[in-house]
Amino acid sequence: MELTREIFLKNNEHSLLKPTLTLADVRAGLELAAETGCGAVCISAHRLGLATEVLAGTDVEIATVVGFPLGTHATRVKVAETAQVLEDGATELDMVMDIGAMLSGEEAMVRDDIAAVVQAAGGALVKVIFEVDYLTDEQIVRACELSDEAGAHFVKTSSGFAAGSGATPHNIGLMRSSTRPETKIKAAGGLKSRADVQAVFDKGADRWGISRTRDILAEF
Numbered sequence: 002m003e004l005t006r007e008i009f010l011k012n013n014e015h016s017l018l019k020p021t022l023t024l025a026d027v028r029a030g031l032e033l034a035a036e037t038g039c040g041a042v043c044i045s046a047h048r049l050g051l052a053t054e055v056l057a058g059t060d061v062e063i064a065t066v067v068g069f070p071l072g073t074h075a076t077r078v079k080v081a082e083t084a085q086v087l088e089d090g091a092t093e094l095d096m097v098m099d100i101g102a103m104l105s106g107e108e109a110m111v112r113d114d115i116a117a118v119v120q121a122a123g124g125a126l127v128k129v130i131f132e133v134d135y136l137t138d139e140q141i142v143r144a145c146e147l148s149d150e151a152g153a154h155f156v157k158t159s160s161g162f163a164a165g166s167g168a169t170p171h172n173i174g175l176m177r178s179s180t181r182p183e184t185k186i187k188a189a190g191g192l193k194s195r196a197d198v199q200a201v202f203d204k205g206a207d208r209w210g211i212s213r214t215r216d217i218l219a220e221f
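2 is the number of the first residue of the sequence shown in the numbering used here; add one for each residue after it.
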């Protein structure tokens, strides 16, 4: 299926997570998402108040991050973060799984960490960030299965902070084939052009997290 401008925007989460973004940068990004009709923004938790202000009356969902970007927060801290960001106006959560536990084969720890956030979210969408560049294909498959067991709504390739290729067609295809049909896939990391987004869309990505929204829109 062709990636039209409408499909791109509907499934785009405009990413506002870089630590160097100023207040003016974040406001401009939120206004861009509102004006163009992005499906969501993904914003740092300390800017949720601004997001709820700028996006009031729009259909743009407000996602924020939990355990970000390393995934090494204790589960109880991730749960506390979850409660706080929901109170502050987030409607969706992108959590980083315990990557070290995954690499160590501590699968119960990985699953229970995700499940605790899902439970604390109380029905809000939870997306699990894998950081695929640290994982083998076999570990990506198991991370998908553990996320499904924990009740996550989405699995996501990357935080955008790790070096590597991130959302490649291979990784998206692998994740799509390793999750339940109802589990959604979010592509993030390394998507710089319309062609990049088309490639992951073709492999089954349901959403994409992109900081270069304006640049890609210029390609349509």
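Don't be surprised by glycine CBs; every beta carbon is placed ideally from N, CA and C.
Keep in mind that this is a model prediction, so the values were computed, not measured.
Helix, strand or coil at residue i according to DSSP, with G and I counted as helix
i, result
"Asn13", "strand"
"Asp95", "strand"
"Lys79", "helix"
"Glu150", "helix"
"Thr158", "coil"
"Gly174", "helix"
"Gly210", "strand"
Under 9 Å between C-beta atoms of residue i and residue j
i, j, result
"Ala144", "Val86", "no"
"Ile186", "Arg208", "yes"
"Met2", "Phe202", "yes"
"Leu175", "Asp138", "yes"
"Ile115", "Lys157", "no"
"Gly72", "Met110", "no"
Cβ neighbours of residue i in the same chain (closer than 6 Å, five flanking residues each side left out)
i, result
"Ala163", "Glu132, Asp134"
"Ala206", "Ile173, Ile186, Ala188"
Alpha-carbon to alpha-carbon, residue j and residue i
i, j, result
"Thr21", "Ala57", "25 Å"
"Thr180", "Thr59", "31 Å"
"Thr5", "Gly106", "41 Å"
"Asp197", "Gly167", "11 Å"
"Ala121", "Lys193", "34 Å"
"Leu33", "Arg215", "8 Å"
Beta-carbon proximity list for residue i, same chain, < 8 Å, skipping 5 on both sides
i, result
"Ile63", "Ala41, Val42, Ile44, Leu49, Ala52, Thr53, Leu56, Gly90, Ala91, Thr92, Glu93"
Sheet register partners of residue i (DSSP bridge)
i, result
"Glu62", "Ala41"
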